[in-house]
Amino acid sequence: MLAVNGVSRAFDGAPALAPTSLNVAAGEFVSLVGPSGCGKSTLFNVISGLLEPDAGSVRIAGRDVTGRPGSVGYMLQKDLLAPWRTVLGNIVLGAALTRGVTAADRAAAAELAERHGLGGFLDHYPHALSGGMRQRVALMRTLATGRDVLLLDEPFGALDAQTRLGMHRWLQEVRAASGSTVLFVTHDVDEAVFLSDRVLVMGPRPGAIVDELAIDLPRPRTLEMATSEAAVAAKRRILSLLHAEATT
Amino acid sequence: MSRSTLRAILIPLASVVLVFAVWAALIRLFGVDSFVAPTPLEALGAVREDWSILWPLALQTLEETIYGFVAGAVLGFVLAVGMAQTRIVRDLLYPVLVGSQAVPIIAIAAPLVILLGFGILPKVVIVAWIVFFPVAVSVLDGLARVDPDLVALARAMGGSRARIFRVIRLPATVGPLFSGLKIGATYAVTGAVIGELVGSTGSSLAGYQRQANSSLDTAAVWGSTLLMTAIGIGWFLLVVGIERLATPWRTRSTRPRLGFGASIRPDHRPGDAP
Amino acid sequence: MNRTRILALLLALAVGALVAACGGSDSEEAATGGDGATSAAPSGEPTKLTVSYSWPTVDFMAVPLVVADEMGYFAEAGVDVELIFPPDPASSAKVLATGDSDIGLITTTDMAFAVKEGLGITAIGNYTTSNNWGLFTKPGTPIALDTLKGKKISGYGDSWTKAMLPFVLDAAGLTDGDVEVVTVDWDLPLLLNGKVDVATNTTNFMVSGVVDETGEQPGVLLAKDNGAPDVPVWVYAVNDAFAEGDAEAVTAFLRAVGEATVWASDNPEEAVKMFEQAYPDNGYTTTFNTAGWEDTLQYVRGADGSLFLMDDAQWTALAEALKGIGELDEVAPAAEYYTNDFISMD
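Here it is as structure tokens:
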């Protein structure tokens, strides 16, 4: 579904991203973990089309979208909700930005929000919502763009641990319903293991993928699975990779 | 009436009473003759006595203020948006903007009357001159402060430059716009009065005051000053009221079902919905 | 005069300090022994008089006061005059009423309203003895009663203009609706730029202004010859409380100003020169000052050649005019406006 081939990028001569390749299959949930400054953001900006790579290409469903924004759904740690728009207005932002909002957009957005527990808040302004709720709205907004591939850049990084657990379960549900392909960036190894089908580990700057790890846990995943032997083993393996990279 | 509404009305009212009380006390304490400075009651009495004369004059001043205010707001807004597009235009115009406010209004007022005559036009220009600056600066500031991540997100969503401007940047200026308008609102009436003072056809609030001054009617001079102040405060409150309606997200947790705020939802365009 | 006055003040302080050092008893005797009688006597200590001007800034109308000071008439009369300026034109009567000044140059309308408001001041002598207010057009444009219809006329929005203009319009057979009256702050540029057709002012300021700017004479329509009452524009007035305490000083002041006015009318150019030396930064050109003073001179003497003398008729006529426009509720007895008691007849 998503194919990144030999993408690299330097800023003012300093390499920010070494040639990187990765593939995400349709409907797959892949996490990227790595130290700060490993080039994850640069990679995401390239995939989203905001940044032109120095070399390499990005393809979605076989189509070359290198340097072309608007091909993937994109979500950041900051919810970036427009304060003057209601929950509904924020969810349909993608349509407003591309072709103008139609009644059908609004109905679809309302239906989506209702299905995922935001039904009572459609007319609320973002400032009236909790951090977790705001991130839910941000994800709905990303989903509502109708893109098959979602890039989620530490979306729960700013939430407290308890809220985050709830968000993990909720994200699973949402994705199960939408069938989206997800590329997910996180610092939280537990989170990566719990959510992903596959975890890619990146090395320190200039960054490249040093290893990958399949998480063989059935879905839907439960809290018990998070502490299962397979999960703990995966976590140990990822942590040791990160440590090894950090000390070399 | 809720407790908070009651508070919102009573406390400003109390501050008005306080100002009047201090004023009256000072007059009494220092034994100031009423031809030098009247008591608040004398000043208010003068307003009441001449109310039939003052009322139309106050409306006229308000009219000058409104036209000038709207013209200044539009000018300031358009200028800010234009300046935000290119750095060179902004760097070129910013000193002009600042310079325009360093000019004493009284110095431009007389030439304006000579150029534009004795009608409403020079007053409108003076008020606009005063109002456009805080609006332009606030909007410019607001445009510069739009979260670059939000703009990046909008780009990633496939938004064109024009659409991002309309959907993200422009609505983000509404808050700063009102900050500028509120600053302009208090000065706007002063501008209209200065314009009236320099030249008017027939009577004006400033003319009334000048004549009251020339006939040693100090109470009427202070009374008309109170009236001008009241117009200024009233205008400010009106702007605050419009702000509350136009930016419901600042004061409310949900979108109003009816009214101004409901109809200006940024995503609602004619032809959108059945 | 500023510099002179500062010097005089320093000198006075120095003398005062000396006197105090040499023995307080002498000076005490001088101050208390005289008790009014000596205050105006040329031999004793001069009486301090604070005189307020009719305008916030100085102009040629201060010529008699400057001459009286420079020629020593004040000193001879036993008064030491300090000239002060009101914060705005309409405050000249208030400054006098509060006692900030003892004597003041004010307009006759100020005086009329002062009686209405009970300010406690009284006119003691005409500065000008007839009405030199009128309507003006720019040079080359003739003006007459039958040319006023449809014209744009500027005024200062003051009571004088409001009271006098209807008389002229009436004489022309016009009403308010036949002309456009605009209120302005400074009429000369508007008149010369053609933004108004007719300006209203007094001759001494308007004629001199136009002559100064263009070198030509404006068209003049004197109000007193065209329906308006012949009432003077400016008077000297006194604070009643001060007059009660020191009548001699008031009389002495008027006598000295009278002598100065006569001298300045015999020697107008020297008088203006004296004025400009006393106020080198007065802000006007010599042309303006000379033209202004010479015009003023045409109005300082009454029909009988006298200075200062007022009569009931001028005050009654003015008060009637102000009553006519609703600015006064009643015309007070003429004696409440003025007194000729301080004019010495020698």
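Protein chains in written order, with this note's numbering: chain A, 1 to 248; chain B, 249 to 522; chain C, 523 to 868.
Note that beta-carbon positions come from the ideal geometry of N, C-alpha and C, so glycine has one too.
Are the C-beta atoms of G455 (chain B) and some chain C residue less than 8 Å apart? Here residue 455 (chain B) corresponds to residue number 207 of the second sequence, with the count starting at 1. Closer than 8 Å: yes.
Is there a C-beta anywhere in chain C that falls below 8 Å from the one on T334 (chain B)? For the purposes of this step, residue 334 (chain B) is taken as residue 86 along the second sequence, with counting starting at 1. With 8 Å as the cut-off, T334 (chain B) does not count as an interface residue toward chain C.
Rounded to the nearest angstrom, how far is the Cβ of E154 (chain A) from that of T186 (chain A), given a contact under 8 Å? Within the first sequence, the letter at position 154 stands for residue 154 (chain A). Within the first sequence, the letter at position 186 stands for residue 186 (chain A). Right, their Cβ atoms sit about 6 Å apart.
In chain B, which residues lie less than 7 Å from H124 (chain A) when you measure between Cβ atoms? Translated into the one-based positions of the first sequence, residue 124 (chain A) becomes position 124. By Cβ distance, chain B contributes S501, T502.
Coarse secondary structure for T722 (chain C), derived from DSSP in three states: In the third sequence, residue 722 (chain C) corresponds to position 200, counting from 1. In the structure shown, T722 (chain C) sits in a strand (DSSP, three-state: E or B).
Which chain C residues sit within Cβ distance under 7 Å of T449 (chain B)? The residue you call residue 449 (chain B) lines up with position 201 of the second sequence. Those within 7 Å of T449 (chain B) in chain C are E702, V704.
Under DSSP, the alpha helix (DSSP H) around F44 (chain A) begins and ends at which residues? Indexing the first sequence from 1 puts residue 44 (chain A) at position 44. Residues 40–48.
According to DSSP, which residues form a beta bridge with T502 (chain B)? Counting from 1 along the second sequence, the entry for residue 502 (chain B) is found at position 254. In DSSP, T502 (chain B) forms a bridge with A:H124.
Measuring CA to CA, which of C:G626, C:N654, C:A685 is closest to F775 (chain C)? One-based indexing of the third sequence puts residue 775 (chain C) at position 253. With distances taken between Cα atoms, F775 (chain C) lies closest to C:G626.
Determine, using beta carbons only, whether A523 (chain B) comes closer than 8 Å to chain C. Chain B is shown only over 249 to 522; residue 523 (chain B) falls outside these bounds and no answer can be derived.
Is the Cβ of T66 (chain A) closer than 8 Å to any Cβ of chain B? By 1-based counting over the first sequence, the position of residue 66 (chain A) is 66. T66 (chain A) has a beta carbon lying at 8 Å or more from every beta carbon in chain B.
Taking beta-carbon pairs under 9 Å, can you tell me which members of the stretch 383–416 of chain B lie near chain A? Under the 9 Å Cβ criterion, the stretch 383–416 of chain B contributes D395, D397, L398, A400, L401, A402, R403, A404, M405, G406, G407, S408, R411, I412, R414, V415, I416.
Using Cβ-Cβ distances below 7 Å, what residues of the stretch 611–623 of chain C are close to chain B? Against chain B - using a Cβ distance shorter than 7 Å - the residues of the stretch 611–623 of chain C are A612, A615, K616, A619, T620.
P608 (chain C), buried or exposed, once every other Cβ within 10 Å from all chains shown has been counted against 16: Locating residue 608 (chain C) in the third sequence gives position 86, where the first residue counts as 1. It is buried - the Cβ of P608 (chain C) has at least 16 other Cβ atoms within 10 Å.
For the stretch 625–706 of chain C, which segments carrying the alpha helix (DSSP H) assignment without a break, of at least 4 residues, lie completely within its bounds, in sequence order? Those alpha helix (DSSP H) runs which fall completely within the stretch 625–706 of chain C and span 4+ residues are 630–639, 681–693.
Report yes if the CB atom of N654 (chain C) is closer than 8 Å to the CB atom of T725 (chain C), and no otherwise. Taking the first residue of the third sequence as position 1, residue 654 (chain C) is located at position 132. Taking the first residue of the third sequence as position 1, residue 725 (chain C) is located at position 203. Cβ distance < 8 Å, so N654 (chain C) and T725 (chain C) count as in contact.
Range of the contiguous beta strand (DSSP E) that encloses G207 (chain A): On the first sequence, residue 207 (chain A) is found 207 positions in, with the first residue counted as 1. Here G207 (chain A) belongs to no beta strand (DSSP E), and DSSP marks it neither H nor E.
A109 (chain A) burial status per 10 Å Cβ neighbour count (16 or more: buried): Along the first sequence, read from residue 1 onward, the residue named residue 109 (chain A) stands at position 109. By the 10 Å Cβ count, A109 (chain A) comes out buried.
Given a threshold of 16 other Cβ atoms within 10 Å of its Cβ, counted over all protein chains shown, does V527 (chain B) qualify as buried or as exposed? Only positions 249 to 522 of chain B appear in the structure, and residue 527 (chain B) is not among them; the question remains open.
Under 8 Å: do the stretch 465–472 of chain B and the stretch 283–290 of chain B share three or more Cβ pairs, one atom per stretch? Three or more pairs of CB atoms, one per stretch, sit closer than 8 Å, so the stretch 465–472 of chain B contacts the stretch 283–290 of chain B.
The alpha helix (DSSP H) enclosing V822 (chain C), as first and last residue numbers: Within the third sequence, the letter at position 300 stands for residue 822 (chain C). Neither: V822 (chain C) is in no alpha helix (DSSP H) and is coded neither H nor E.
May I ask you to report which of helix, strand or coil DSSP gives T186 (chain A)? As a working mapping, residue 186 (chain A) is identified with position 186 in the first sequence. T186 (chain A) carries a strand assignment under DSSP once its states are collapsed to helix, strand and coil.
Indicate whether the contact test is met: 3 or more Cβ pairs, each with one atom in the stretch 833–842 of chain C and one in the stretch 609–619 of chain C, closer than 8 Å. Remark: fewer than three beta-carbon pairs, one from each stretch, lie closer than 8 Å, so the stretch 833–842 of chain C and the stretch 609–619 of chain C are not flagged as touching.
Buried or exposed by the 16-neighbour rule on C-beta atoms within 10 Å, applied to V33 (chain A): Walking along the first sequence from the start, residue 33 (chain A) turns up at place 33. Burial of V33 (chain A) is indicated by the presence of at least 16 other C-beta atoms within 10 angstroms of its C-beta.
Separation of F658 (chain C) from E738 (chain C), as counted between CA atoms: In the third sequence, counting from the first residue as 1, residue 738 (chain C) sits at position 216. In the third sequence, counting from the first residue as 1, residue 658 (chain C) sits at position 136. Rounded to whole angstroms, E738 (chain C) to F658 (chain C) spans 13 Å at the Cα level.
What residues of chain B sit near L641 (chain C), judged by a beta carbon separation below 8 Å? Mapped onto the third sequence, residue 641 (chain C) falls at position 119. Those are F283, L464, listed as they occur along chain B.
What residues in its chain sit with their C-beta under 6 Å from that of L76 (chain A), if we drop five residues either side in the sequence? For the purposes of this step, residue 76 (chain A) is taken as the residue at position 76 of the first sequence. Closer than 6 Å at the Cβ level, and outside the excluded window around L76 (chain A), lie D153.
Kindly indicate which three-state DSSP category Y860 (chain C) falls into: helix, strand or coil? Your numbering for residue 860 (chain C) matches position 338 in the third sequence. DSSP places Y860 (chain C) within a strand segment (E or B) once states are collapsed to three.
Residue nearest to A857 (chain C) in terms of C-alpha spacing, selected from C:L618, C:S576, C:A634: Reading the third sequence from its first residue, position 335 is the one you call residue 857 (chain C). The residue with the shortest Cα to Cα distance from A857 (chain C) is C:A634.
Exposed or buried, which one is W303 (chain B) when buried takes at least 16 other CB atoms within 10 Å? By 1-based counting over the second sequence, the position of residue 303 (chain B) is 55. Under this definition W303 (chain B) is an exposed residue.
Length of the line joining the Cα atoms of F582 (chain C) and L819 (chain C): Translated into the one-based positions of the third sequence, residue 582 (chain C) becomes position 60. Translated into the one-based positions of the third sequence, residue 819 (chain C) becomes position 297. CA-to-CA, the gap between F582 (chain C) and L819 (chain C) works out to about 11 Å.
For E702 (chain C), which of B:S451, B:V344, B:P419 has the nearest alpha-carbon? Looking up residue 702 (chain C) in the third sequence gives position 180. Nearest to E702 (chain C) by alpha-carbon distance, out of B:S451, B:V344, B:P419, is B:S451.
How many angstroms separate the CA atom of Y678 (chain C) from the CA atom of A645 (chain C)? As a first step, residue 678 (chain C) must be located in the third sequence, where it is residue number 156. As a first step, residue 645 (chain C) must be located in the third sequence, where it is residue number 123. In this model, Y678 (chain C) and A645 (chain C) are separated by some 24 Å (Cα to Cα).
Show which residues of chain B have a CB atom less than 7 Å away from the CB atom of L712 (chain C). In the third sequence, the residue the question calls residue 712 (chain C) occupies position 190. What L712 (chain C) touches in chain B: I362.
CB-CB length for V249 (chain A) against V210 (chain A), believed under 8 Å: Residue numbering for chain A in the displayed model covers 1 to 248; residue 249 (chain A) lies beyond these limits and cannot be assessed.
Helix, strand or coil, according to DSSP, for P15 (chain A) in the structure here? Position 15 of the first sequence, counting from 1, holds the residue named residue 15 (chain A). Note: P15 (chain A) maps to strand in three-state DSSP.
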